[in-house]
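Visitor: Right, I'll just put the structure down here and ask away after.
Residue numbers (my numbering): 14 to 158.
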């Protein structure tokens with residue numbers, strides 16, 4: 014069973030902001046002759062990396078709600094120019110919208126089990142994906158989604 018990470022998407026106000034950032038990173042990677050992917054740098058290295066790389070994703074919290082995910086492709090460690098150990102989470106190029114799931118602010122990242130992970134919006138099959146985000150947010154807050 015896959016294990017996932019959940020992290021605040023700092024600097025993005027919407028899924029569109031996240032998609033623009035991912036697109037820019039993909040273009041930079043392609044220009045450098047690499048695979049189109051984005052990455053996220055963090056200080057701590059996940060201890061359960063094998064479980065994460067067995068189909069795991071990074072779920073993004075935007076404006077207090079889990080709203081999207083990206084597939085985890087790799088986890089690399091390195092030392093930055095200041096001599097501090099860092100971790101690069103290599104992410105797939107696709108930003109997949111998920112059902113909304115409220116989350117309070119937290120620092121760093123947390124593990125998220127498959128059972129606790131929000132479902133992909135496109136796989137819900139109930140027309141929810143066609144609703145505007147603000148309406149989905151309000152319905153979720155009322156417990157109707």
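Idealized CB from N, CA, C, for every residue including glycine.
With DSSP collapsed to three states, give me the class of residue 15.
Guide: Counted from its first residue, the chain shown places residue 15 at position 2. Here residue 15 sits in coil by DSSP.
Visitor: According to the neighbour-count rule (16 or more other Cβ atoms, all chains shown, within 10 Å of its Cβ), is residue 111 buried or exposed?
Guide: The residue given as residue 111 occupies position 98 in the chain shown. Buried.
Visitor: What number of angstroms, rounded off, separates the C-alpha of residue 52 from the C-alpha of residue 103?
Guide: Here residue 52 corresponds to residue number 39 of the chain shown, with the count starting at 1. Here residue 103 corresponds to residue number 90 of the chain shown, with the count starting at 1. The straight-line gap from Cα to Cα measures roughly 4 Å.
Visitor: Going by DSSP, what residue range makes up the alpha helix (DSSP H) through residue 32?
Guide: Taking the first residue of the chain shown as 1, we reach residue 32 at position 19. Start and end: 28-44.
Visitor: Given residue 43, which residues of its chain have a CB within under 6 Å of its CB, disregarding the five upstream and five downstream residues?
Guide: Numbered from its first residue, the chain shown carries residue 43 at position 30. Excluding sequence neighbours, residue 43 sits near 49.
Visitor: Compute the Euclidean distance between the alpha carbons of residue 125 and residue 62, then round it to the nearest angstrom.
Guide: Reading the chain shown from its first residue, position 112 is the one you call residue 125. Reading the chain shown from its first residue, position 49 is the one you call residue 62. So the two alpha carbons sit approximately 13 Å from each other.
Visitor: If we count the other Cβ atoms within 10 Å of its Cβ and call it buried at 16 or more, is residue 123 buried or exposed?
Guide: For the purposes of this step, residue 123 is identified with residue 110 of the chain shown, where counting begins at 1. Residue 123 should be labelled exposed.
Visitor: Mind checking which residues open and close the beta strand (DSSP E) that includes residue 120?
Guide: Start at 1 with the first residue of the chain shown, and residue 120 comes out as number 107. From DSSP, residue 120 is part of no beta strand (DSSP E); its letter is neither H nor E.
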